[in-house]
Amino acid sequence: MKTACSYAVMHAASLADPAAFWLAQARYLAWHRPPTAALSQDEANGAHRWFAGGTLNTAYLCLDHHVAQGRGPQKALIYDSPVTQTLSTYTYAQLLDLTARFAGGLRELGVGVGDRVIIYMPNLPEAVVAMLACARLGAVHSVVFGGFAPHELAVRIDDAQPKVIVCAAGGKEFDRIIPYKPLVDEALAKATFQPAHVVVLQRGFVTAELQPGRDVDYQELLQAAPVPAVPVPATHPLYILYTSGTTGRPKGVVRDHGGHAVALRFSMEAIYDLAPGEVIFTGSDIGWAVGSSYIVYGPLLRGCTSVLFEGKPVRTPDAGTFWRLVAQHKVNVLFTAPTAIRAIKKEDPEGRLARNYDLSSLRHLFLAGERCDPATFAWAQQVLGVPVVDHWWQTESGWPMLATLVGLEEMPAPRAGSAGFPVPGYDVQILDEEGRPVPAGTTGLVAVKLPLPPGCFPTLWRDEARYHEAYLAPFPGYYLSGDGGYRDAEGYCYIMGRVDDVINVAGHRLSTGEMEEILAAHPAVAECAVLGIADQLRGQVPVGLVVLKDGQAVGEGALEKELVAAVRARIGALACFRQVLVVARLPKTRSGKILRKTLRQLADGEAFALPSTIDDPRILDEIRADFQRRGTGVAFEKVA
0 MKTACSYAVM HAASLADPAA FWLAQARYLA WHRPPTAALS QDEANGAHRW FAGGTLNTAY
60 LCLDHHVAQG RGPQKALIYD SPVTQTLSTY TYAQLLDLTA RFAGGLRELG VGVGDRVIIY
120 MPNLPEAVVA MLACARLGAV HSVVFGGFAP HELAVRIDDA QPKVIVCAAG GKEFDRIIPY
180 KPLVDEALAK ATFQPAHVVV LQRGFVTAEL QPGRDVDYQE LLQAAPVPAV PVPATHPLYI
240 LYTSGTTGRP KGVVRDHGGH AVALRFSMEA IYDLAPGEVI FTGSDIGWAV GSSYIVYGPL
300 LRGCTSVLFE GKPVRTPDAG TFWRLVAQHK VNVLFTAPTA IRAIKKEDPE GRLARNYDLS
360 SLRHLFLAGE RCDPATFAWA QQVLGVPVVD HWWQTESGWP MLATLVGLEE MPAPRAGSAG
420 FPVPGYDVQI LDEEGRPVPA GTTGLVAVKL PLPPGCFPTL WRDEARYHEA YLAPFPGYYL
480 SGDGGYRDAE GYCYIMGRVD DVINVAGHRL STGEMEEILA AHPAVAECAV LGIADQLRGQ
540 VPVGLVVLKD GQAVGEGALE KELVAAVRAR IGALACFRQV LVVARLPKTR SGKILRKTLR
600 QLADGEAFAL PSTIDDPRIL DEIRADFQRR GTGVAFEKVA
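The sequence shown finishes on residue 639 if you use numbering that gives the first Met the number 0, and the numbering steps up by one all the way, no holes.
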């Protein structure tokens, strides 16, 4: 049911008096001590903080409050794992009991307010319990997705300095078993800091060897007596989530209890139009911001049912897995990344598998993670028959900055290629390189005028100097997102990708995102990437990499001619777009983002560190061979 307020009125109110607007939203939560003021500034670093003076506990809001309100028998979590053939359901009462007892077990290991706990697990109910148990104690959790490289895990251990690590014995992907415990042991051997304990969840298909004195079985902790939620200040850290940095050193994004809870509860209603008791399926990993916000905390704060999926959108067993989940669990909102839809589209170009399921419960498909090209947008809308909403946010924001807020009245409809409009609380501006607003239709740097609304990161873990240098110093008074984009005459905002995805061809600044949009519109193309690679004459020239839909027999030469002609027709000869390579797959992060910078460095022959978030490093060797085959890039130019 839509909120009885128009988008324009609500957004204007949020900017006119941010403190009053968010204090009103905060009243929807069950505070231990309600805040009397909304917005303040930290005396130490000048950062804006929300609801200082108020106390609450996020786990209490997610569980205890709903049980007290009579929602104990309602489903809170549905765990669906085609890779392990497991389906289980947890009510709010059951999830509360598990969380309270696991929190008791962590307390017996010495975990208390402010202590850190690293959670190294796949999408498992036990991982959600561990997250909520940390929140219950006032401890600070940091989820690192299972299977992450030992070196990168060691870096996070040394930065977070956890008292305890909670890990699974292993994970399973398709027909491959990945033991996690040896990776944890290797990371601890590399790390300087050593946690007191490692808690291990044994799984039926893989058993981990426990080190006496240090390692503890997960199930043993569940035998502890339940403990109550500990009230903490609204500004107390809830979790640290590491995101990649330009220096190769990860940035520990901090999220606090108060602002996070207010923002996520608001977003569940205003953006996603979900009421208590309704069902959301977010196809992401709890180790990413999307998973933390909209698998775990957002749905539970709102009293919804969340589908926790362990698996991939394809080959589990086929490209109809997401549609099966929607039908079986009566999902009202599906939220995933464009790359997941493109993977489904690649294996089922006509969308035939969707016709095998009753999708009548589904109201909206939301996409985020990277820009959704119009071709994928149109395909998903046609196959599902529901509105598709592309929206934009970052790990740093923790919730959407641009969206079509389907829970509000008088909201303009979603538009292909656009991420929508600024969400209440966000004063989104497009700036030139001098920090001045640019006219409608002009591409520039996407920034948000301060103060950032609740839910956004107030600092980086143990690195306030980097927080200011990277995000606030470039344009005083603004948060610099690092993305480029523009706003059209009607107010729709378009995010074209990271600023370093803008290339300079003979003095012309061109968006690789716009070229990718043209390539993706070809009926044979499943997904694509456009790189700006070094050229002695023009500085840079674009090169396209395309993955074909299954069953396409088009030749590389013929396809290249068609795509070159399409780019020339829309952008012009100045783009110098002349080469397209057909590749089997594209290198991506675990969250589905294409590693364009790494591809460019590979083609240019630059030294680069293997990205810590890469899903499968072997893909780079395949691409290297494709570059060499076609003589693409400085490193692979053919000898005449």
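Quick reminder that beta carbons are idealized off the backbone N, C-alpha and C, glycines included.
Go ahead and pull the three-state DSSP assignment for residue i.
| i | result |
| --- | --- |
| residue 166 | strand |
| residue 250 | strand |
| residue 561 | helix |
| residue 408 | strand |
| residue 365 | strand |
| residue 612 | coil |
| residue 224 | coil |
| residue 578 | strand |
| residue 633 | helix |
| residue 393 | coil |
| residue 283 | coil |
| residue 669 | This structure cannot speak to residue 669, because the chain is shown only from 0 to 639. |
| residue 402 | strand |
| residue 427 | strand |
| residue 627 | helix |
| residue 356 | coil |
| residue 594 | coil |
| residue 245 | Residue placement at residue 245 is flagged as unreliable, the pLDDT there being 49, under the threshold of 50; the coordinate-derived value follows with that caveat. Residue 245 falls in the coil class under three-state DSSP. |
| residue 601 | helix |
| residue 255 | strand |
Any beta carbon from chain C within less than 9 Å of residue i's own beta carbon?
| i | result |
| --- | --- |
| residue 193 | In the displayed structure, chain C is absent; only one protein chain is listed. |
Determine whether the beta carbon atoms of residue i and residue j lie at a separation below 9 Å.
| i | j | result |
| --- | --- | --- |
| residue 158 | residue 236 | no |
| residue 619 | residue 597 | yes |
| residue 232 | residue 51 | yes |
| residue 218 | residue 201 | yes |
| residue 574 | residue 514 | yes |
| residue 32 | residue 53 | yes |
| residue 437 | residue 485 | yes |
| residue 228 | residue 63 | yes |
| residue 350 | residue 378 | yes |
| residue 336 | residue 289 | yes |
| residue 262 | residue 9 | no |
| residue 543 | residue 578 | yes |
| residue 86 | residue 257 | no |
| residue 599 | residue 497 | no |
| residue 405 | residue 361 | no |
| residue 282 | residue 147 | no |
| residue 58 | residue 65 | no |
| residue 466 | residue 456 | yes |
| residue 295 | residue 346 | no |
Below 8 Å, is the gap between the Cβ of residue i and the nearest heavy atom of the ligand PLP?
| i | result |
| --- | --- |
| residue 383 | Ligands are entirely absent from the displayed structure, and the ligand PLP is therefore not among its contents. |
Keeping to the same chain, check which residues put their C-beta closer than 7 Å to that of residue i; ignore five residues upstream and five downstream.
| i | result |
| --- | --- |
| residue 160 | 115, 192 |
| residue 109 | 162, 195 |
| residue 603 | 532, 533, 632, 633, 634 |
| residue 640 | What the structure shows of the chain is the stretch from 0 to 639, and residue 640 is not part of that stretch, so it cannot be assessed. |
| residue 341 | 375, 525, 526 |
| residue 103 | 223, 224, 225, 226 |
Residues in its own chain within less than 6 Å of residue i by CB, not counting five upstream and five downstream?
| i | result |
| --- | --- |
| residue 245 | Confidence in residue 245 is poor, its pLDDT being 49 and thus under 50, which makes the residue's placement unreliable; the coordinate value appears in the next sentence. Taken in chain order, the list of residues that qualify is empty. |
| residue 140 | 116, 118, 130, 133, 238 |
| residue 165 | 118, 129, 198 |
| residue 476 | 449 |
| residue 587 | 593, 614 |
Under the assumption that residue i contacts residue j (Cβ atoms under 8 Å), give the Cβ distance between them as a whole number of angstroms.
| i | j | result |
| --- | --- | --- |
| residue 520 | residue 374 | 5 Å |
| residue 199 | residue 216 | 6 Å |
| residue 388 | residue 423 | Their Cβ separation, rounded to whole angstroms, is 16 Å, which puts residue 388 and residue 423 out of contact at 8 Å. |
| residue 590 | residue 284 | 7 Å |
| residue 358 | residue 319 | Going by Cβ atoms, the distance from residue 358 to residue 319 rounds to 11 Å, so no, they are not a contact pair. |
| residue 394 | residue 240 | 6 Å |
| residue 5 | residue 489 | Their Cβ separation, rounded to whole angstroms, is 16 Å, which puts residue 5 and residue 489 out of contact at 8 Å. |
Quick one: what's got a C-beta closer than 8 Å to residue i's C-beta in the same chain, skipping five residues either side?
| i | result |
| --- | --- |
| residue 168 | 178, 179, 180, 199, 200, 201, 202, 205, 206, 207 |
| residue 17 | 37, 38, 424, 450, 452 |
| residue 491 | 411, 414, 417, 419, 420 |
| residue 461 | 158, 251 |
| residue 40 | 46, 47, 48 |
* At which residue ranges does the segment 440-505 contain complete alpha helix (DSSP H) runs of 4 or more residues, listed in the order of the chain? -> The segment 440-505 contains these whole alpha helix (DSSP H) runs: 463-466.
* **Continuous alpha helix (DSSP H) assignments of at least 4 residues falling wholly in the segment 5-82** => Entirely contained in the segment 5-82, the alpha helix (DSSP H) runs reaching 4 residues are, in chain order, 6-15, 17-25.
* Fully enclosed by the segment 511-567, which beta strand (DSSP E) runs are 3 residues long or longer? -> 524-534, 538-547
* Minimum length 3: unbroken beta strand (DSSP E) runs contained in the segment 98-180 -> 115-119, 139-142, 163-167, 169-172, 175-178
* Write down every uninterrupted run of the beta strand (DSSP E) in the segment 274-331 whose length is 3 residues or greater and which is fully enclosed by it, in chain order. => 278-281, 304-308
* **Those runs of the alpha helix (DSSP H) which lie wholly inside the segment 182-218 and span at least 4 residues** => With a minimum length of 4 residues, no continuous alpha helix (DSSP H) run stays inside the segment 182-218.
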